[in-house]
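Worksheet for the structure shown next.
Number of protein chains: 2
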Amino acid sequence: MIQYFDNCATTQVDPEVLQILNKYHTETFFNPSARSTFSLKIANDISVAREKLLKLLGGNGELVFTSGGTESDNLGILGCIRKKSGNIVVTASEHSAVFNTVTSLANKGYEIRQTKVNSDGSIDIDDFVAHVDNDTLLACFMHVNNETGAINDIKRINTLVKNINPNTVTFCDGVQAVGKIPVNLNYLGVDLYTFSSHKFHCTKGAGALYIKKGVRVNPQVLGGGQEKGIRSGTEYVGAIVAMAKAVEIANSLLSDNGYIFNNYKNIIRNALADIPNFKENCVENCSPSIMSLAFADIKGEVLLHMLEQYDIVVGTGSACSSKNKQSRIAKAIGLTPNYSEGVIRISFSKFNTLDQVKNLAEKLAFCVKSLRKTMLGK
Amino acid sequence: MIQYFDNCATTQVDPEVLQILNKYHTETFFNPSARSTFSLKIANDISVAREKLLKLLGGNGELVFTSGGTESDNLGILGCIRKKSGNIVVTASEHSAVFNTVTSLANKGYEIRQTKVNSDGSIDIDDFVAHVDNDTLLACFMHVNNETGAINDIKRINTLVKNINPNTVTFCDGVQAVGKIPVNLNYLGVDLYTFSSHKFHCTKGAGALYIKKGVRVNPQVLGGGQEKGIRSGTEYVGAIVAMAKAVEIANSLLSDNGYIFNNYKNIIRNALADIPNFKENCVENCSPSIMSLAFADIKGEVLLHMLEQYDIVVGTGSACSSKNKQSRIAKAIGLTPNYSEGVIRISFSKFNTLDQVKNLAEKLAFCVKSLRKTMLGK
Chain A
1019 MIQYFDNCAT TQVDPEVLQI LNKYHTETFF NPSARSTFSL KIANDISVAR
1069 EKLLKLLGGN GELVFTSGGT ESDNLGILGC IRKKSGNIVV TASEHSAVFN
1119 TVTSLANKGY EIRQTKVNSD GSIDIDDFVA HVDNDTLLAC FMHVNNETGA
1169 INDIKRINTL VKNINPNTVT FCDGVQAVGK IPVNLNYLGV DLYTFSSHKF
1219 HCTKGAGALY IKKGVRVNPQ VLGGGQEKGI RSGTEYVGAI VAMAKAVEIA
1269 NSLLSDNGYI FNNYKNIIRN ALADIPNFKE NCVENCSPSI MSLAFADIKG
1319 EVLLHMLEQY DIVVGTGSAC SSKNKQSRIA KAIGLTPNYS EGVIRISFSK
1369 FNTLDQVKNL AEKLAFCVKS LRKTMLGK
Chain B
1019 MIQYFDNCAT TQVDPEVLQI LNKYHTETFF NPSARSTFSL KIANDISVAR
1069 EKLLKLLGGN GELVFTSGGT ESDNLGILGC IRKKSGNIVV TASEHSAVFN
1119 TVTSLANKGY EIRQTKVNSD GSIDIDDFVA HVDNDTLLAC FMHVNNETGA
1169 INDIKRINTL VKNINPNTVT FCDGVQAVGK IPVNLNYLGV DLYTFSSHKF
1219 HCTKGAGALY IKKGVRVNPQ VLGGGQEKGI RSGTEYVGAI VAMAKAVEIA
1269 NSLLSDNGYI FNNYKNIIRN ALADIPNFKE NCVENCSPSI MSLAFADIKG
1319 EVLLHMLEQY DIVVGTGSAC SSKNKQSRIA KAIGLTPNYS EGVIRISFSK
1369 FNTLDQVKNL AEKLAFCVKS LRKTMLGK
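Following this line, the structure appears as structure tokens:
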């Protein structure tokens, strides 16, 4: 049986969530835009799920359902910009769905200002804020860094940005936060916030963009006018209802999992105690579910494949950028070349057991030692 | 038990297709972009499904997976336009996902040329072609009209357009065609073709854009560079693999269903034989699965709700535009006001039984007579 520790990349669907998905595939499969009473009920299911999610996430505004995190990021970023010129501030550690969307705006005449991150992947807040001015249309940052797990102080960043320019739209990528750490959108104060359902034991193909009350987002996909015209296309009703259930379940486990996953991290730390020249990329203010390790003089990918021999799955950097040779984030956090290629990312879920973690810890230590021995032998 | 005759709006997921979806939710749920061997296998599953779909649909080019028909339409239309000015030819009967996307380009300085449709909803080919000239960037038409069921001669339209201007990109909305009538993309010859999985017993939240070899489409959603960079975002792998299976199943039933559904239509026609003042909107060259009826002096919506009392679900016009007061298509096909509000759309699937159809026919005749009696009594 596979021991899966790449829950940042994607997760297994929860059985209770699956039941909801299946109900909407085979029983209440109606099109919410049709005229029948059955369809009206389905449309109401969407409204109920929307309200439930807003309540679970403490939001006061709109939730627009999309096909996932990437579409949500694109919709929020491209949809909020109305002025013909100005600058956009973005951290160097953003996920490519945010980073590439923002940098593409350079071709349309906008000035893109990239800001520094700290060595643990967290945002260098002083540097970020120093880039914001009267012409800043949009400020983009992320709640939890998807490669290191660093949790950013979003409330503080948002307040500082708004103090400088209240008209700057603040955008926060919450893809690795929702269902993994407590999220209260009113408290955070951001204008836009995104998440993706397959990161918290729900299906792929669904996600949402939160739009704070009073903030305007122009649609990027036109058609039947679903989602109040902001995102056309037949709603994936099952996924929407399932998403609300998945967040409810995830939130109910947050504090327990925080404790359990931190214990998992300690088990791994202990197993690696006698291994020299490695770095845990983020320790303080880190998401309990993410553990990013950089081993000097080892290729992360080789380590990953070696662990696979024991049916253990871990990640390297972001799944979405893992096809690129070197991680943009590894570079941004200042890893030296001998470390930057030796990064693996372990990310936990509720489906991981203590035995699995003990086994991972043991095999990881063994593989690192073996690989280094092999290299010395060369 | 509900007797569902609104299979143009959406369909129930096939049990065999559901099994595939569930396998990818709970067993092979890996992220295809991650580095593990398990992920590579999943990425390969996508390639296999892509090739299978291209073969099933006789296409020679790329298939880009998206979140559905609407996104596919938007991607194809917005992604193929590169010149700063020119005209776009579109029929008046297009689905709102095509129509609204095209007409939105008027704001960007493009000239939008709307063309006529015949009384059965089919494209007036002479009128369409007369609007194409040297400055036509894009010609948009649909394979099967979603409200009347009219099948258009796509090969002929495409050839005529290309004869006038070989540089015009030809776009065809195939949402009501794939899985419902035979589709051979090479034969049709179009540059772009779209479809949506939930129309043929697969899940909502998935679809595709076919791009003929040599045609270029610019991405509308940026990020991790999935789908060769044309559509970023974690692929909904289960839906992609399931879609290929769903088209395979649907195609294997096409000729049988063609016969069966035409028989269903005859049963309904016979039951309505003694009812005056109604029109079957499309008879010749009509999709076997669609039967559009316009009853004079009756409100289609009232009829729909009356049928619901017998657990029978039918549609009015397009689900996606059904919230609008009057159907754009009813107007386009020239229905007079007393008929245009009395349209219902019956659309069959393989899950409909002969008994269900007999029951529908009987109840439909009864309801129409009752409603007219009530009206006369007023």
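For the record, the sequence lines run as chains A and B. Taking the numbering used here, the leading residue of the first sequence gets 1019, the next gets one more, and so forth. Taking the numbering used here, the leading residue of the second sequence gets 1019, the next gets one more, and so forth. For glycine and all other residues, C-beta sits at the position ideal for the given N, C-alpha and C.
Report back the beta-carbon spacing between Val1193(A) and Gly1087(A) to the nearest angstrom; my notes put them in contact at under 8 angstroms.
Residue mapping note: residue 1193(A) aligns to position 175 of the first sequence, counting from 1. Residue mapping note: residue 1087(A) aligns to position 69 of the first sequence, counting from 1. Contact flag correct, Cβ pair sits at about 4 angstroms.
Using a Cβ-Cβ cut-off of 6 angstroms (strictly less than) and excluding sequence neighbours within five positions of Val1259(B), which residues of its own chain qualify?
Here residue 1259(B) is taken as the residue at index 241 of the second sequence, counted from 1. Same-chain partners within the cutoff: Ile1038, Asp1063, Ala1067.
From the DSSP secondary-structure annotation, give me the bridge partner or partners of Cys1190(A).
Here residue 1190(A) refers to the residue found at position 172 when the first sequence is read from its first residue. DSSP lists Phe1159(A), Tyr1211(A) as partners of Cys1190(A).
Return the bridge partner residues of Ile1308(B) from the DSSP annotation.
Taking the second sequence and counting its residues from 1, one reaches residue 1308(B) at position 290. DSSP, once it has assigned bridges, lists Ser1365(B) as partnering Ile1308(B).
Within 10 Å of its beta-carbon, does Lys1230(B) have 16 or more other beta-carbons around it, so buried, or fewer, so exposed?
Here residue 1230(B) corresponds to residue number 212 of the second sequence, with the count starting at 1. Buried.
Per-residue burial, Tyr1282(B) [other beta carbons within 10 Å of its own, 16 or more giving buried]
By one-based count along the second sequence, residue 1282(B) stands at place 264. Result: buried.
Report the three-state DSSP secondary structure of Arg1390(B) (helix, strand or coil).
Within the second sequence, residue 1390(B) is the residue found at index 372, counting from 1. Correct three-state label for Arg1390(B): helix.
Let me know the secondary structure DSSP gives Leu1321(A) once reduced to three states.
Counted from its first residue, the first sequence places residue 1321(A) at position 303. The answer is helix: DSSP assigns Leu1321(A) an H, G or I state.
With a threshold of 8 angstroms on Cβ separation, who are the neighbours of Lys1397(B) within its own chain once the five nearest residues in sequence on each side are excluded?
Given that chain B is displayed from residue 1019 to residue 1396, the structure contains no residue 1397(B) and the question cannot be resolved.
Option in Leu1178(B), Asn1040(B), Asp1032(B) with minimal Cα separation from Val1031(A)
One-based indexing of the first sequence puts residue 1031(A) at position 13. The residue with the shortest Cα to Cα distance from Val1031(A) is Asn1040(B).
C-alpha distance - Cys1385(B) paired with Leu1394(B), whole-angstrom precision
To locate residue 1385(B), count along the second sequence from 1; it is residue 367. To locate residue 1394(B), count along the second sequence from 1; it is residue 376. The straight-line gap from Cα to Cα measures roughly 14 angstroms.
Who are the neighbours of Tyr1254(B) on chain A, taking C-beta pairs under 7 angstroms?
Walking along the second sequence from the start, residue 1254(B) turns up at place 236. Correct list: Lys1222, Gly1223.
If you reduce the DSSP assignment to three classes, tell me which class Leu1382(B) lands in.
The residue given as residue 1382(B) occupies position 364 in the second sequence. Correct three-state label for Leu1382(B): helix.
Verify the CB distance criterion: does Ala986(A) have a CB-CB separation below 9 angstroms to chain B?
Residue 986(A) is absent from the model: chain A starts at 1019 and stops at 1396.
Nearest-angstrom Cα separation, counted from Gln1374(A) out to Val1196(A)
Against the first sequence, residue 1196(A) aligns to sequence position 178. Against the first sequence, residue 1374(A) aligns to sequence position 356. For Val1196(A) and Gln1374(A), the distance between alpha carbons rounds to 24 angstroms.
So for Gln1030(A), helix, strand or coil by DSSP?
Translated into the one-based positions of the first sequence, residue 1030(A) becomes position 12. Looking at Gln1030(A) - three-state DSSP - the assignment turns out to be coil, as it is neither helix nor strand.
What number of angstroms, rounded off, separates the C-alpha of Cys1338(A) from the C-alpha of Glu1253(B)?
In the first sequence, counting from the first residue as 1, residue 1338(A) sits at position 320. In the second sequence, counting from the first residue as 1, residue 1253(B) sits at position 235. Bear in mind that a pLDDT of 49 at Cys1338(A), under 50, signals an unreliable position, so the number given afterwards is only what the model happens to contain. The straight-line gap from Cα to Cα measures roughly 10 angstroms.
For Val1332(B), would you say it is in contact with chain A, using Cβ-to-Cβ distances shorter than 9 angstroms as the test?
Start at 1 with the first residue of the second sequence, and residue 1332(B) comes out as number 314. Interface residue, yes.
Backbone CA spacing between Ser1340(B) and His1113(B) [nearest angstrom]
Taking the first residue of the second sequence as 1, we reach residue 1340(B) at position 322. Taking the first residue of the second sequence as 1, we reach residue 1113(B) at position 95. Low confidence applies here, because Ser1340(B) scores a pLDDT of 49, under 50, leaving its location unreliable; read the following figure in that light. Cα to Cα, the separation comes out at about 11 angstroms.
Among the residues of its own chain, which have a CB less than 8 angstroms from the CB of Val1301(B), if the five just before and after it don't count?
As a working mapping, residue 1301(B) is identified with position 283 in the second sequence. Asp1138, listed in sequence order.
Take every Cβ of the region 1093–1100 of chain B, pair it with every Cβ of the region 1145–1152 of chain B, and state whether three or more of those distances are shorter than 8 angstroms.
no
Residues of chain A with CB under 7 angstroms from Arg1346(B), in chain order?
For the purposes of this step, residue 1346(B) is taken as the residue at position 328 of the second sequence. Here the premise fails: no neighbours, minimum Cβ distance about 12 angstroms.
As a quick exercise: from Thr1334(A), Thr1109(A), Ala1061(A), pick the residue whose alpha carbon is nearest that of Asn1136(A).
As a working mapping, residue 1136(A) is identified with position 118 in the first sequence. It is Thr1109(A).
List the residues that DSSP assigns as beta-bridge partners of Thr1154(B).
As a first step, residue 1154(B) is located in the second sequence; it is residue number 136 there, counting from the start. Beta-bridge pairing links Thr1154(B) to Asn1105(B).
So, are the CB atoms of Val1150(B) and Thr1121(B) less than 9 angstroms apart?
Here residue 1150(B) refers to the residue found at position 132 when the second sequence is read from its first residue. Here residue 1121(B) refers to the residue found at position 103 when the second sequence is read from its first residue. For Val1150(B) and Thr1121(B), no; Cβs fall outside 9 angstroms.
For Ala1157(B) and Thr1188(B), which I take to be in contact (beta-carbon distance under 8 angstroms), what is that distance rounded to the nearest angstrom?
Residue numbering aside, residue 1157(B) sits at position 139 when the second sequence is read from its first letter. Residue numbering aside, residue 1188(B) sits at position 170 when the second sequence is read from its first letter. Rounded, the Cβ-Cβ distance is 5 angstroms, consistent with contact.
May I ask you to list the residues that DSSP assigns as paired with Glu1129(A)?
The residue you call residue 1129(A) lines up with position 111 of the first sequence. DSSP lists Asn1105(A) as partners of Glu1129(A).
Cβ separation of Ile1278(B) and Ala1379(B), assumed to be a contact under 8 angstroms, to the nearest whole Å:
On the second sequence, position 260 is the one that residue 1278(B) refers to. On the second sequence, position 361 is the one that residue 1379(B) refers to. Wrong, their Cβ atoms sit about 15 angstroms apart, outside the cutoff.
Let me know the secondary structure DSSP gives Val1375(A) once reduced to three states.
Counted from its first residue, the first sequence places residue 1375(A) at position 357. DSSP places Val1375(A) in helix when its eight states are reduced to three.
Could you give the DSSP three-state label for Asp1024(B): helix, strand or coil?
Working through the second sequence from its first residue, we reach residue 1024(B) at position 6. Looking at Asp1024(B) - three-state DSSP - the assignment turns out to be strand.
Helix, strand or coil at Gly1242(A) according to DSSP, with G and I counted as helix
Translated into the one-based positions of the first sequence, residue 1242(A) becomes position 224. In this structure, Gly1242(A) counts as coil in the three-state DSSP scheme.
Interface residues of chain B facing Gln1030(A) [CB-CB closer than 9 angstroms]:
Position 12 of the first sequence, counting from 1, holds the residue named residue 1030(A). What Gln1030(A) touches in chain B: His1043, Thr1044, Glu1045, Phe1047.
Applying the criterion that 16 or more other CB atoms from any shown protein chain within 10 Å of the CB defines a buried residue, is Gly1232(A) buried or exposed?
The residue given as residue 1232(A) occupies position 214 in the first sequence. Per the 10 Å Cβ criterion, exposed.
If the cut is a Cβ gap below 7 angstroms, which residues of chain A does His1216(B) touch?
In the second sequence, counting from the first residue as 1, residue 1216(B) sits at position 198. Residues of chain A passing the Cβ test: Thr1252.
Under 9 angstroms, do Asp1024(A) and Phe1048(B) count as touching if we go by C-beta distance?
On the first sequence, position 6 is the one that residue 1024(A) refers to. On the second sequence, position 30 is the one that residue 1048(B) refers to. For Asp1024(A) and Phe1048(B), yes; Cβs fall inside 9 angstroms.
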